[in-house]
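If you read the protein sequences in the order shown, they are chains A and B.
Position 74 of the first sequence, counting from 1, maps to 74 under our numbering, and the rest follow consecutively.
Quick note, our numbering runs 452 ahead of the 1-based positions in the second sequence.
Just so you know, even glycine gets a beta-carbon here, dropped at the ideal spot from N, CA and C.
The structure under discussion appears below in the form of structure tokens.
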Amino acid sequence: MAAAAKSVFEPDYGDVDRGVLSVMAPPGIRYWLWVGFLAALVLVGGATWTNQVYRGLGVTGLTQPTMWAVYITNFVFWVGIAHSGTLISAILYLFRTRWRTAVYRCAETMTVFAVTTAGLFPIVHLGRPWFFYFLAPYPNERSLQPDFRSPLVWDFFAISTYLTISSLFLFMGLIPDLANAREASSGWRRKFYGLLSLGWHGTDEQWRNFSMAYLLMAGLATPLVLSVHSVVSFDFAMAQLPGWHSTIFPPYFVAGAIFSGCAMVLTLIIPLRKIMGVENLVTAWHLDNLAKIILLTSLIMSYSYACESFLVWYAKDPIELETFYMRYYGPQGWIFWLMIFCNCVIPLLLFSPRVRRSMVTLFIISLFVNVGMWSERFVIVEGSLAASFEPSQWRYWHASFTEVTITVASFGWFLMWFSLFARFMPIVSMTELKEGLGWLRQAIRDSYSRAA
Amino acid sequence: MNGELELLASFAEERQAAGAVAALRRAQADDIRVFAPIPSEHVEEAFERRKSRVRLWVLLGGIAGALSGLAITIGTSLEWNLVAGGKPIVSLPPYIIITFEMMVLLGGISGVLGFFFHSRLPALESQRGFNSRFAQDHFGVLVRCAASDGDRLEGLLREAGALAVERVGAAAA
């Protein structure tokens with residue numbers, strides 16, 4: 001027993017540094033092949049988009065009445081993915097949640113790249129993308145200005161603010177870790193990290209200002225994250241369209257965003273911790289807690305789906321009833337049931353602690369949730385447009401090569417930036433792991449005793 | 453010898469470094485700098501300083517953002533005064549959203565700028581007394597004092613648990 005207790009890994013500050021900095025060692029050929037593959041996907045997507053710009057939106061499956069389909073689905077999906085990053089980094093920071101330390105950098109990074117990916121889609125969706133700046137107010141000779149009563153303009157401001165604040169928040173948290181990387185490296189890497197760390201030396205004065213700025217940024221990011229997905233939901237809820245015009249959309253969208261984002265964190269971090277050998281720093285305890293958030297938000301989502309359907313049934317509006325009937329039993333009804341299966345049924349497995357602690361099962365569940373949440377966005381965006389007021393006008397969207405390719409390329413784009421960041425930047429926060437070293441040791445002791 | 457010197461002590465534990473700061477302050481040594489790999493509430497408490505002025509930057513940035521959000525929405529609506537949906541030209545409820553976003557945006561940017569300003573970042577030169585280990589696993593306490601106090605303060609630092617105390621060199625008067 002004593003011998004078993006001695007063999008338990010008890011990390012100290014040095015172990016944390018070595019563990020995280022080893023991830024940033026020069027990568028091998030397999031890593032570059034992976035990044036090359038993702039870059040190739042991006043290039044194919046870029047070429048397809050160029051073709052779309054040249055030939056017009058006729059190359060897509062967009063047609064009346066489904067003028068919003070996969071591109072806007074992707075936009076809402078990626079904005080949703082972004083949200084858990086801020087939840088984990090800002091909201092859980094304010095609550096001083098212990099388990100966030102190992103996963104929050106990964107989640108924050110995911111946030112920044114997911115918002116960047118999301119921001120591409122409104123532009124991809126434009127027939128004349130070079131006029132995207134029309135949404136911004138700027139002085140012009142005709143005194144023409146955007147309509148600030150339009151949810152699309154709110155969206156422009158919300159997403160731009162969210163991208164800026166989440167990037168600043170990520171960068172601020174990185175500064176002490178970059179200084180650490182600077183001190184541990186040599187050659188061009190030392191110069192590179194030295195430049196990015198801005199000459200940070202960790203003096204008491206710097207930490208004092210850092211702590212205050214970080215706390216206030218977390219305080220600002222918390223209402224921001226709740227507002228951004230509410231604003232995204234207003235894109236739909238403000239329209240007088242059956243399936244969109246609903247008052248439950250803001251909380252429903254926010255819960256869905258946290259649900260999908262936490263699942264994406266698991267999808268990214270489970271292979272990452274294995275490949276990069278940081279299983280002792282990102283432990284089963286951290287992921288177990290993340291899985292509990294997924295379970296909770298899944299239950300909120302199930303309630304929201306039930307509530308949405310109940311409101312339609314209770315209101316007895318014939319057009320809305322018809323729209324929802326088509327949503328469940330129409331030609332694309334299988335997507336709705338896939339959504340229910342992935343978002344409401346599969347996550348129930350997470351009630352089992354054994355499932356929450358099995359990395360393979362957790363990874364598979366996270367993939368199901370990603371599929372389910374993409375389906376949900378599609379059902380809302382496309383399904384409501386396809387079967388609304390006039391049955392004579394009903395028409396469903398059909399997949400086109402252009403949209404499918406650009407959708408796949410968006411995953412390539414996101415994963416490419418994430419992979420580059422994960423290899424060259426500290427993807428786990430050394431500073432916060434050291435701050436919560438006692439909790440990390442406890443988590444490791446727990447996992448050892450469970451294994452025994 | 454010009455009458456002043458600097459002592460640099462390194463500690464393995466955060467609480468020891470905080471204890472050293474408290475002891476130095478009790479001994480009337482006020483020119484103290486701590487290097488730490490993590491933010492430390494104990495060290496912060498030992499210094500007994502007022503809270504960071506970054507708060508003020510965020511507050512002013514937030515107010516400026518909210519006002520600019522109102523100015524943009526109301527100003528551009530009055531410039532392009534087209535009635536849409538029978539609603540007033542200046543419709544305040546939807547403008548609150550833009551006002552809120554601008555408040556967060558400028559408050560956040562201003563907070564980061566305030567952090568840089570008060571932390572003197574970016575810094576082109578290395579801080580005197582800084583050692584690589586202070587970014588990794590050790591805490592450093594640098595104190596400037598009169599040469600005549602050197603032995604007494606070194607004793608205090610060792611009492612607080614310093615692993616090593618070195619005299620960095622004669623400081624400029």
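Between ALA598 (chain B) and GLY471 (chain B), the beta carbon gap of about 22 angstroms keeps them out of contact (Cβ cut-off 8 angstroms). With fewer than 16 neighbouring CB atoms inside 10 Å of its own CB, VAL535 (chain B) falls in the exposed class. GLY61 (chain A) is a Cβ neighbour of ALA399 (chain A), given a cutoff of 9 angstroms. As computed with DSSP, GLY592 (chain B) is found in a beta bridge with B:SER462 and B:PHE487. With contacts defined as CB atoms closer than 9 angstroms, GLY202 (chain A) and PHE586 (chain B) qualify as a contacting pair. Neighbours of PHE157 (chain A) across chain B, judged by C-beta separation under 7 angstroms: ILE550 and GLU553. GLY28 (chain A) does not reach chain B, its nearest Cβ partner there being about 26 angstroms away, counting only Cβ pairs nearer than 8 angstroms. CA-CA distance, ASN74 (chain A) to PHE121 (chain A), rounds to 7 angstroms.
Residue pairing from DSSP places ALA598 (chain B) in a beta bridge opposite B:GLU456. Closer than 9 angstroms at the C-beta level to chain B, one finds these residues of the region 140 to 155 of chain A: ARG142, SER143, LEU144, GLN145, PRO146, ASP147, PHE148, ARG149, SER150, PRO151, VAL153 and TRP154. Within chain B, the residues PRO489 and ILE490 have their CB atoms less than 7 angstroms from the CB of LYS434 (chain A), given in chain order. In the structure shown, VAL617 (chain B) adopts extended strand secondary structure according to DSSP, grouped into three states.
Of all residues in the region 396 to 419 of chain A, none comes within less than 8 angstroms of chain B when Cβ atoms are compared. If you look at TRP130 (chain A), you'll find it isn't in any alpha helix (DSSP H); DSSP assigns it neither H nor E.
If you look at GLY80 (chain A), you'll find it in the alpha helix (DSSP H) that goes 70 to 86. Secondary structure at THR283 (chain A): coil, using DSSP grouped into helix, strand and coil. Contact with chain B is absent for ASN280 (chain A), since none of that chain's Cβ atoms lies less than 9 angstroms from the residue's Cβ.
A Cβ-Cβ distance of about 5 angstroms is found for the pair SER562 (chain B) and TRP509 (chain B), placing them in contact under the 8 angstroms criterion. In terms of CA proximity to MET416 (chain A), A:ALA114 leads the group A:ALA114, A:VAL381 and A:ARG182. Close to SER529 (chain B), with beta-carbon spacing below 9 angstroms, are these residues of chain A in chain order: GLN145, ASP147, PHE148 and ARG149. Counting the other Cβ atoms within 10 Å of the Cβ of TRP200 (chain A) gives 16 or more, which makes it buried. Within the region 134 to 210 of chain A, the complete alpha helix (DSSP H) segments of 4 residues or longer fall at 151 to 184 and 187 to 196, listed in chain order.
In this structure, the beta-carbon distance from PRO223 (chain A) to VAL617 (chain B) does not fall below 9 angstroms. Of B:LEU615, B:ALA614, B:ASP601 and B:GLY607, the smallest CA-CA separation from ASP482 (chain B) is found for B:ASP601.
GLY455 (chain B) is outside the set of residues whose beta carbon lies under 9 angstroms from a beta carbon in chain A. In terms of beta-carbon proximity, GLY566 (chain B) lines the interface with chain A, with at least one pair separated by less than 9 angstroms. Relative to the Cα of VAL312 (chain A), the nearest Cα in the group A:MET301, A:ARG100, A:SER302 and A:TYR325 belongs to A:TYR325.
The residue among A:ALA39, A:VAL103, A:TRP207 and A:ALA69 with its C-alpha nearest the C-alpha of HIS570 (chain B) is A:TRP207. At a beta-carbon threshold of 7 angstroms, the residues of chain A lying near ILE524 (chain B) are PRO137, ordered along the chain.
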